[in-house]
Amino acid sequence: MTAVAIAEPFPGERPVTNEIVREHKLNPTEYRAILDLLGRTPTLTELGIFSALWSEHCSYKHTKSVLRRFPVDGPQVVQGPGENAGVLRLPDGWAVAFKIESHNHPSAVEPYQGAATGVGGILRDVFTMGARPVAVLNSLRLGPLDDARNRYLFAGIVRGVGDYGNCMGIPTLGGEVSFAPCYTGNPLVNAMAVGVLREAELITARAHGVGNILLTVGARTGRDGIHGASFASEDLSAESQKRRPQVQVGDPFTEKLLLEASLELITGGFIVAIQDMGAAGLTSSSAEMAARGGVGVEVDTSKVPTREAGMTPYEIMLSESQERMLVVAEPHRVDEIRAVCQKWDLDATAIGQVTDDGIFRVVHDGRVVAAIPGQELVDGCPMYSPPAEESDVARSRRALTPAADARDLADALERLLDAPSIASKRWVFEQYDGTVRAGSVMPPGCDAGVVQVAGTSFGIAMTVDCNARHVLLDPYQGGMGAVAEAARNIACTGARPLGVTDCLNFGNPEKPDIYFQFVEACRGIGDACRAFGTPVTGGNVSLYNQNPAGAIDPTPTVGMVGLLADVTMAVPSHFRVSGDAILLLGETRGHVGGSAYWAEVLNTVGGAPPPVDLDAERALQQFLADAADRALLRSAHDLSDGGLAVALAECCIGGPWATKRYGATVDLGRHADTVTDAGWLFGEDGARALASCDPAHVAELQRLAHTHGLACHFLGLVGDADTDVIVQRDDRTWRWPVNRLRRIYLDAIPRRMAAAPSDAGVD
Amino acid sequence: MTRVAVVRFPGSNCETETLAAVARAGGDAMLVDYRETHLRHADAVILPGGFSYGDYLRSGAIARFAPVMTAVRALADAGGAVLGICNGFQILCEAQLLPGALQRNAQQRFASRPVDVRIERTDTICTSDYAADEIIRIPIAHGEGRFVADPDTLDALELDHCVMLRYVPVDGTDAPYNPNGSMNDIAGLCNPAGTIVGFMPHPERRVDPALGPGVGQRFFTSLMSRIATGVAA
Numbered sequence: 018m019t020a021v022a023i024a025e026p027f028p029g030e031r032p033v034t035n036e037i038v039r040e041h042k043l044n045p046t047e048y049r050a051i052l053d054l055l056g057r058t059p060t061l062t063e064l065g066i067f068s069a070l071w072s073e074h075c076s077y078k079h080t081k082s083v084l085r086r087f088p089v090d091g092p093q094v095v096q097g098p099g100e101n102a103g104v105l106r107l108p109d110g111w112a113v114a115f116k117i118e119s120h121n122h123p124s125a126v127e128p129y130q131g132a133a134t135g136v137g138g139i140l141r142d143v144f145t146m147g148a149r150p151v152a153v154l155n156s157l158r159l160g161p162l163d164d165a166r167n168r169y170l171f172a173g174i175v176r177g178v179g180d181y182g183n184c185m186g187i188p189t190l191g192g193e194v195s196f197a198p199c200y201t202g203n204p205l206v207n208a209m210a211v212g213v214l215r216e217a218e219l220i221t222a223r224a225h226g227v228g229n230i231l232l233t234v235g236a237r238t239g240r241d242g243i244h245g246a247s248f249a250s251e252d253l254s255a256e257s258q259k260r261r262p263q264v265q266v267g268d269p270f271t272e273k274l275l276l277e278a279s280l281e282l283i284t285g286g287f288i289v290a291i292q293d294m295g296a297a298g299l300t301s302s303s304a305e306m307a308a309r310g311g312v313g314v315e316v317d318t319s320k321v322p323t324r325e326a327g328m329t330p331y332e333i334m335l336s337e338s339q340e341r342m343l344v345v346a347e348p349h350r351v352d353e354i355r356a357v358c359q360k361w362d363l364d365a366t367a368i369g370q371v372t373d374d375g376i377f378r379v380v381h382d383g384r385v386v387a388a389i390p391g392q393e394l395v396d397g398c399p400m401y402s403p404p405a406e407e408s409d410v411a412r413s414r415r416a417l418t419p420a421a422d423a424r425d426l427a428d429a430l431e432r433l434l435d436a437p438s439i440a441s442k443r444w445v446f447e448q449y450d451g452t453v454r455a456g457s458v459m460p461p462g463c464d465a466g467v468v469q470v471a472g473t474s475f476g477i478a479m480t481v482d483c484n485a486r487h488v489l490l491d492p493y494q495g496g497m498g499a500v501a502e503a504a505r506n507i508a509c510t511g512a513r514p515l516g517v518t519d520c521l522n523f524g525n526p527e528k529p530d531i532y533f534q535f536v537e538a539c540r541g542i543g544d545a546c547r548a549f550g551t552p553v554t555g556g557n558v559s560l561y562n563q564n565p566a567g568a569i570d571p572t573p574t575v576g577m578v579g580l581l582a583d584v585t586m587a588v589p590s591h592f593r594v595s596g597d598a599i600l601l602l603g604e605t606r607g608h609v610g611g612s613a614y615w616a617e618v619l620n621t622v623g624g625a626p627p628p629v630d631l632d633a634e635r636a637l638q639q640f641l642a643d644a645a646d647r648a649l650l651r652s653a654h655d656l657s658d659g660g661l662a663v664a665l666a667e668c669c670i671g672g673p674w675a676t677k678r679y680g681a682t683v684d685l686g687r688h689a690d691t692v693t694d695a696g697w698l699f700g701e702d703g704a705r706a707l708a709s710c711d712p713a714h715v716a717e718l719q720r721l722a723h724t725h726g727l728a729c730h731f732l733g734l735v736g737d738a739d740t741d742v743i744v745q746r747d748d749r750t751w752r753w754p755v756n757r758l759r760r761i762y763l764d765a766i767p768r769r770m771a772a773a774p775s776d777a778g779v780d
Numbered sequence: 074m075t076r077v078a079v080v081r082f083p084g085s086n087c088e089t090e091t092l093a094a095v096a097r098a099g100g101d102a103m104l105v106d107y108r109e110t111h112l113r114h115a116d117a118v119i120l121p122g123g124f125s126y127g128d129y130l131r132s133g134a135i136a137r138f139a140p141v142m143t144a145v146r147a148l149a150d151a152g153g154a155v156l157g158i159c160n161g162f163q164i165l166c167e168a169q170l171l172p173g174a175l176q177r178n179a180q181q182r183f184a185s186r187p188v189d190v191r192i193e194r195t196d197t198i199c200t201s202d203y204a205a206d207e208i209i210r211i212p213i214a215h216g217e218g219r220f221v222a223d224p225d226t227l228d229a230l231e232l233d234h235c236v237m238l239r240y241v242p243v244d245g246t247d248a249p250y251n252p253n254g255s256m257n258d259i260a261g262l263c264n265p266a267g268t269i270v271g272f273m274p275h276p277e278r279r280v281d282p283a284l285g286p287g288v289g290q291r292f293f294t295s296l297m298s299r300i301a302t303g304v305a306a
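Order-wise, the sequence lines are chains R and F. Count along the first sequence from 1, then add 17; that gives the number in the numbering used here. Count along the second sequence from 1, then add 73; that gives the number in the numbering used here.
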């Protein structure tokens, strides 16, 4: 236990009262812990610091005990959870740094800036590991597009994501967008960044060396974003709109300079440690770096460059102004650091030093305004394990079934392709630069993004996935399913899954049914990651995703990276050659519970989602990678939302800019089974993929599948360009002109967005 | 070896792949900072893509005042090879080394996609390795690529054969073939001599055959052979 340290109020600051404690969202237990720790009443500056670091966002106080159960080890792990980003080993001394993070609450009140700064923040997390960002992905969830505000949010979020990544020159290579009523008023914006580094150049955010200097690099500190971390830790309400001025404003141009300067400082060996001033700004970056290094720090807020005069230490410590870095360096390096920053037109300013007493100390004009035992500040927040219990509503939802199947299954497919969650996202990703850096192997619109590691033959495959409806209906199965779908997407490109980052978006954890969803979904993710050998290397938890109408569907977004050994062997998603054989990999059992077909066509969100078979998933992943290694596949596409019929349609429709779309003739009748027609067409059993190959390779693929214990059914042939997609089963035939399907699929989102207000956000 | 300067402005973000494309074509690629006042005896200069100064004012509007632009202008005046790609094209227009202007895309959204462009002139510094009227599919990624000019300028451009690349429809495309509403479907321009060129597509993103058809590579091989034969400068 550290000795009690003395601090005095900053002149003019309000004395701390119970009301002020409540305003800072600290409960009586937590305030009691603060009094015990300090042995006195905190100053207002100290209270602000506690409220930031002990917010849910920074402290993980409701989730740490659950997150601890994720598998985090593996031979490929260079850096697991606890740093700015996770790092996994690649061949030849290379490594990949990656992380996903949410920016949900800011995007709900200010979509453009909220989404833009979400991308900026996650990029900083990656390049502070010494990695050069090579790709961005994102997972967006919104309310239905028939609502004008949802359209406004959607347009603003997409523009914000695009403008930031485009300006930085980082390709956006993939992602997912889906729509459900629960996200009205509480959209989810999850951004993932992937970077590449030499493993030997890895740097961590660990302050050490008593007497070393703390410097801020980059933008000046303003009054924006104060208490962003606390805002992210409360339910959204009608009051939330008033928080709009608290949303930070992004400046990707400055961040581009910051990126180059940071990488030069790291690879040049000029600095000891570096951390982004993200959520809770200077407070969290300095306190966390000190705690990781087991040292104290002293920050002089009167030395921090500010945008306006008269900022108090409280404001400076809690500002979330963007594009700022905190750097620790040996004193004799300071001049060199200034020179590097000057080259990139940036300021570097010494604002403090590493101390030996373990105290987190803030001084302003010579006056100590905060002095808190540093380790306890970061680790001392009371932890909670609230009750977790499934609600009766949830149980009865799982027992729900629709009255009858759709009368016209051909029409049902068209309705599914017109559903914005399934339809082409071309309207979205044409706003994202997908080819800058000249390393993109697969265009957007494929199962996973793939980027070549410059100067090597290998590539990194990447994806983000979550079927929130499955998680809502069965959190454990849904959690496993999210990992399984991500791994299938990676494997369809021919890559082998390496590891996971997750963004756990849930409602208010203090409600037992919500906490049940959280605990069970995490258990599912953990079990699937163990089975696949893909450790969790970090991520982010976003709770209190509730609006007055209730909580969002539980949405644990899984970000995954994989290794593609030879980029020239990457397998595309769509059919490419008329006359190719179409193969269905994996067993079809006809589970339609929780399906998109039930939800979008029969208006029933219910039933039990298909049980996840982890062994079958692993067999499919290994088969796909082996088949790609031997160049046996012409295309491979995973089966997920909408099942076989949607996957077949997508393979025929082709990529977003395709000039050829193929017909197909598929016969499901050769398989004697009890699966219903709807189950065959729209069931969402996992561990399946649709592949095409040269007919001469069918036998070899079937032999390979057999060695993996995987079913491999020959379904039919790819047809000529601009013909029909035909599916037969016994005496039934369903037929669609491929160009009609393509038009429906491509127009679904633009048609709805054409009704959007022309000014979709803030410039 | 031919020396090619690639200028980095604050906010440039395509300089690395542009340097790589020059090197792959056999050139001696040099990165030149925007604060430099000479081009180190370069035979050609490329202004790469990106968001110079964030493009917060108007694309290229600030970059044209950068110290290096005096040297770029001197090279251009001497008949040297000057290329502007995307943001570089915008800068050349702002600097009035090429006519007209590039405004916000007609649809008011950023456009990242492949486009089909026809090579309208093969006697410029960067198109000699293409066949006349050859159509190539190549990526664009820009928010401000709608070429506009007054009617007289536009007529003069056509009369003098200064349209180097034009967006064209091809069979099977179901997206608008002109991605931004450019007048006369203009994707790229040159001066009458064909020594100063600017265009919106990104050939440097299509030079590695491992990642697909390397249709952009010939922009750079053309440049190398043009300089080697000493026609420019």
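Glycine included, every Cβ here is placed at the ideal spot set by N, Cα and C. Computed from a prediction, not measured in an experiment: that's the story for all the values here.
Would you say residue i lies against chain F (beta-carbon separation less than 8 Å)?
i: ILE766 of chain R; result: no
i: GLU447 of chain R; result: yes
i: ALA455 of chain R; result: yes
Nearest to residue i by CA position, among the options, is which residue?
i: LEU174 of chain F; options: F:LEU262, F:ALA301 and F:HIS114; result: Reading off the sequence shown, one finds Ala at residue 174 of chain F, where the question assumed Leu. With distances taken between Cα atoms, ALA174 of chain F lies closest to F:LEU262.
i: GLU256 of chain R; options: R:GLY173, R:GLY202, R:ILE220 and R:THR238; result: R:GLY202
i: LEU170 of chain F; options: F:ASP150, F:GLN176 and F:ALA179; result: F:ASP150
i: ASP225 of chain F; options: F:THR302, F:PRO172, F:THR268 and F:GLY287; result: F:PRO172
i: ILE208 of chain F; options: F:ASP189, F:ALA184, F:THR197 and F:ARG278; result: F:ASP189
i: ALA666 of chain R; options: R:LEU105, R:MET586, R:ARG606 and R:LEU433; result: R:LEU433
i: ARG186 of chain F; options: F:PRO121, F:ALA102, F:PRO274 and F:ALA96; result: F:PRO274
i: LEU721 of chain R; options: R:ALA613, R:ALA765, R:LEU600 and R:SER612; result: R:LEU600
i: ARG412 of chain R; options: R:THR189, R:ARG647 and R:PRO626; result: R:PRO626
i: PRO529 of chain R; options: R:HIS714, R:PRO403, R:PHE287 and R:VAL153; result: R:PRO403
Rounding to the nearest angstrom, what Cα-Cα distance links residue i and residue j in this structure?
i: GLY295 of chain R; j: GLU118 of chain R; result: 11 Å
i: ARG291 of chain F; j: TYR240 of chain F; result: 18 Å
i: ASP570 of chain R; j: PRO198 of chain R; result: 9 Å
i: ALA144 of chain F; j: ARG113 of chain F; result: 10 Å
i: VAL395 of chain R; j: ALA307 of chain R; result: 9 Å
i: ARG289 of chain R; j: ALA224 of chain R; result: Reading the sequence as shown, one finds Val at residue 289 of chain R and not Arg. Whole-angstrom Cα-Cα distance: 7 Å.
May I ask you to report which of helix, strand or coil DSSP gives residue i?
i: ILE192 of chain F; result: strand
i: LYS116 of chain R; result: strand
i: MET294 of chain R; result: coil
i: TYR401 of chain R; result: coil
i: ASP109 of chain R; result: helix
i: CYS546 of chain R; result: helix
Heavy atom of the ligand SAM less than 7 Å from the Cβ of residue i, yes or no?
i: VAL321 of chain R; result: Because no ligand of any kind appears in the structure shown, any question about the ligand SAM cannot be addressed here.
Does any CB atom of chain R fall closer than 8 Å to the CB of residue i?
i: PRO274 of chain F; result: no
i: PRO242 of chain F; result: no
i: SER185 of chain F; result: yes
i: ARG278 of chain F; result: yes
i: GLY99 of chain F; result: no
i: ASN160 of chain F; result: no
Could you tell me whether the Cβ atoms of residue i and residue j are closer together than 8 Å?
i: ASP325 of chain R; j: ARG415 of chain R; result: As written in the sequence, residue 325 of chain R is Glu, which differs from the Asp given in the question. No, the pair does not count as a contact, with Cβ atoms beyond the cut-off.
i: THR60 of chain R; j: ALA485 of chain R; result: no
i: LEU231 of chain R; j: SER301 of chain R; result: no
i: MET459 of chain R; j: VAL467 of chain R; result: yes
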